[in-house]
Amino acid sequence: MAHPDVLRPEVAARLAEIGHADVVIGIPSYQNAATIGHVVGAAQAGLAKYYPGAQSLVLNSDGGSTDGTQAVVAGTTSPDTSVMMVSHPVRPIHRFSIPYHGLPGKGSAFRTIFRAADVLGAKACAVVDADLRSITPEWIHLLIAPVMDLGVDFVAPYYLRHKFDGTITNNVVYPMTRALYGKQIRQPIGGDFGMSLPLMRHFLSRPVWDTDVARFGIDIWMTTTAICGGFALCQAFLGAKLHDAKDPGADLSAMLVQVLGTVFRLMETHEDSWLAVEGSRPVAVLGFRYDVGLDPIRVNAPRMVEHFRRGVRDLDTIWGTMFDKADMARLKSIAARGDGECAIDDQLWVRLVYDLAAAYHVRVTERDDLVRATLPLYMGRVASFVIEMADADARQVEARIERLCETFEQEKGYLRRRWAGNR
Amino acid sequence: MWQVVQQIFTQAWQQFATQSVALIPNVLASLLFLAIGAGLAVLAGRVAGFLLRRSAVERRATKLGVSSWLERAGILSASAVLVRLVQLAFAVMTATLVLYSLDASLASDLTKRFFLYLPDLAIGVAIFFIGIMTARVVSRSVLIGAVNRGLSGAKLLGSLTRAGIIVLSSAVALDHVGIGRAIVPAALLIVLGGVTLALALAVGLGTRQVVTRWIQSQIAPPNPAEAADDIRHW
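Chains A and B, in that order, are what the protein sequence lines are.
Residue numbering for the first sequence follows our numbering, beginning at 122 and increasing consecutively.
Residue numbering for the second sequence follows our numbering, beginning at 822 and increasing consecutively.
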């Protein structure tokens, strides 16, 4: 059932006029004039091609763009598909702390989209990012078909990415989500998802929408909630994911606080679930898999190594309150190696991540500072990965990440002890 | 003459002996108060420690970050601090009773002055501790931010931030409790004024070129060879 406080009266009235939709494609946006036309066009083409007989709606929820995003959306017309534009509330203060995904109020956007889909009684809903350059009409089919035809509740994306893209996903979020909750979802913070009506109603019933989790970590929250809620899962192979160019001035420490902070807070919410889980199981990947060439990306490993060394030199007192003395000694010996060298091995990295999770759990007033203080460690780990995988191909990199995931799973007993306050 | 001296000596000694004998009950009473007070303080400390161990004080102190700060100050636990405070309260009560038993009027006067002074003392101590906590939080943020921004001398920046806040809050606390009212603010003004003058001279005259180059290096666009990479981390 719709809650009037989420949907504005004019939106509720418009939805009442529409009455019903079988499929809803939600596109949250903020300052995406350059790309949203392509995304809306792909969504419309996908619905026309794969669901010609279904009543469908493309719903754009905008956070107050000033670059003409909504004008672009309004200009995309199709005789087969309705396009509806709404705006989601974004408090002025939230525009000052832009989340890592670049969309302030993304949680509000999703809530608006899910409510609208609930009002319309949609069987399936897919949400896609507004800054995608590689979206095709097939993405709509891949995200919706498992829900409509196979009874799946949650469709996570499976992308082909450059081996050095998504480093926080590859080095922390994916292996940790897998070790904690026992499901091998490769892209837990992908951004493009499909879901069923029961799952959307479950999301709407959670008391999360006014919290930082909704503001900064709605993607990982949806993935974790779907897993812990026992919903049917699958992954859809979408091919390459190409975004609009990233903001070079983006603050990495803020990204780390937002992503890891959400992961750790979800550990507290779902403590009973993850403590009992051992090992992990694969989640089916649907769609035809293929290889695709990806543009090379520049990586400045020496700069990352230098950042890591600065952290070891200047943040040792803070790190010493979280990490074992033996691990601190190992970090110092790694930092002392010759120019350009950095090798943080899997076991050390896993112990550091688990120690950080335990410290975050225990020290409520210093949480964000603790995570910010580990940015040099993260840069050291990324540098280690880049140096080790410099000549590796995609398959070798994937095999390497698989070994890291196994280490996360093997060290879970250590996490349990640290979480309970023991060593 | 010797007889007069002998007489004065005898009288003085008799007076001393009489007054000392008169004071003996007071001294005995004060020793008794001291013994009882010490015993009660130890007992109260044990009871407080037992109750605190059974409560969630340590866990809450760890969550609030107080425990790590106390550890660095050489104090083992928040419970230990609270036990010491309980014992200190008993010690103060015992000292007051001892004073009363020795000289009621002096004790009364001292007690009155102490209680009149207590609010100022409490506020001064509170200002000092708030300054310490603020210094810790701010200096930690400055240190982490400086390291992540690649600034050299991050530890020095953090230490200077902490020292500056502690000095300022100490000066305010001392001024509030009335210690060195004329000297402390003047000393602080002299130090701050001196630092400001030194910086002004450095910027204006002696190190103009160095500062100009430093400012330019902070605001100039990065060397393309050292530019950030294209990695999308999430």
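Don't be surprised by glycine CBs; every beta carbon is placed ideally from N, CA and C.
Nearest neighbour of S962 of chain B by Cα position, chosen from A:D490, A:V207 and A:A238, turns out to be A:D490. Listed in chain order, the non-local C-beta contacts of Q191 of chain A below 7 Å within the same chain comprise D183 and M206, local neighbours out to five positions each way being set aside. Shown in chain order are the members of the region 471-499 of chain A whose Cβ falls below 7 Å from a Cβ of chain B: V483, R484, V485, T486, E487, D490, R493, A494, L496 and P497.
For A357 of chain A and G140 of chain A, the gap between their C-alpha atoms comes out near 30 Å. Contact annotation: the region 497-515 of chain A touches the region 284-304 of chain A, with at least three C-beta pairs closer than 8 Å. Within the region 447-482 of chain A, no complete alpha helix (DSSP H) segment of 4 residues or longer occurs. A buried status is given to T915 of chain B, since no fewer than 16 other beta-carbon atoms sit within 10 Å of its beta-carbon.
If you draw a 10 Å sphere on the C-beta of S960 of chain B, you find 16 or more other C-beta atoms in it, and that means buried. The beta carbon of I234 of chain A sits closer than 8 Å to the beta carbons of V145, G147, P149, L180, S182, C246 and V248 from its chain, once the five residues preceding and following it are set aside; these are given in chain order. Nearest neighbour of S177 of chain A by Cα position, chosen from A:E131, A:A243 and A:M388, turns out to be A:A243. Beyond the five residues adjoining it in sequence on each side, T187 of chain A comes within less than 8 Å, by CB distance, of Q152 in the same chain, given in chain order. Contact check for V404 of chain A against Q308 of chain A fails: the beta carbons are separated by 8 Å or more. Burial is judged here by how many other beta carbons sit within 10 angstroms of a residue's own beta carbon; I465 of chain A has at least 16 and is buried. In the DSSP annotation of this structure, the continuous segment of the alpha helix (DSSP H) that includes I944 of chain B starts and ends at A925 to N969.
Contact of L873 of chain B with chain A is not assigned, every C-beta pair being separated by 8 Å or more.
For the region 369-392 of chain A, the residues whose beta carbon sits under 8 Å from a beta carbon of chain B are, in order, P369, L373, S374, M376 and V380. Of A:L477, A:P173 and A:V378, the smallest CA-CA separation from D143 of chain A is found for A:P173.
When DSSP states are grouped into helix, strand and coil, S150 of chain A belongs to the strand group. Using a CB distance cut-off of 8 Å, G360 of chain A does not count as an interface residue toward chain B.
For the region 279-296 of chain A, the residues whose beta carbon sits under 9 Å from a beta carbon of chain B are, in order, R282, H283, F285, D286, G287, T288, I289, T290 and V294. In the assembly as shown, Q517 of chain A is an exposed residue. Its beta-carbon has fewer than 16 other beta-carbons within 10 Å. CA-to-CA, the gap between H262 of chain A and R232 of chain A works out to about 23 Å. In the assembly as shown, A862 of chain B is a buried residue. Its beta-carbon has 16 or more other beta-carbons within 10 Å. When beta bridges are read from the DSSP output, N181 of chain A appears opposite A:I148 and A:M206. In this chain, the alpha helix (DSSP H) harbouring Y499 of chain A covers L496 to E509. In the displayed model, H323 of chain A falls within a helix according to three-state DSSP. Boundaries around M343 of chain A are those of the alpha helix (DSSP H), I339 to C349, since no beta strand (DSSP E) includes it.
Looking only at A:E519, A:E530, A:R236 and A:T332, the smallest Cα-Cα distance to K284 of chain A is reached by A:E519.
Annotation: T197 of chain A to G162 of chain A spans about 7 Å, alpha carbon to alpha carbon. Contact between A361 of chain A and L320 of chain A is ruled out by a C-beta separation of about 27 Å, above the 8 Å threshold. Assigned with DSSP and collapsed to three states, L1020 of chain B falls in helix. The beta carbons of M510 of chain A and R524 of chain A sit no closer together than 8 Å. Residue state for H997 of chain B is assigned as helix, using DSSP reduced to three classes. The C-alpha of L909 of chain B is placed about 51 Å away from the C-alpha of I339 of chain A. Across the set B:A1019, B:L989 and B:L1020, the C-alpha of B:L989 shows the shortest separation from the C-alpha of V1005 of chain B. With respect to A277 of chain A, L387 of chain A sits apart: the two C-beta atoms are not nearer than 8 Å.
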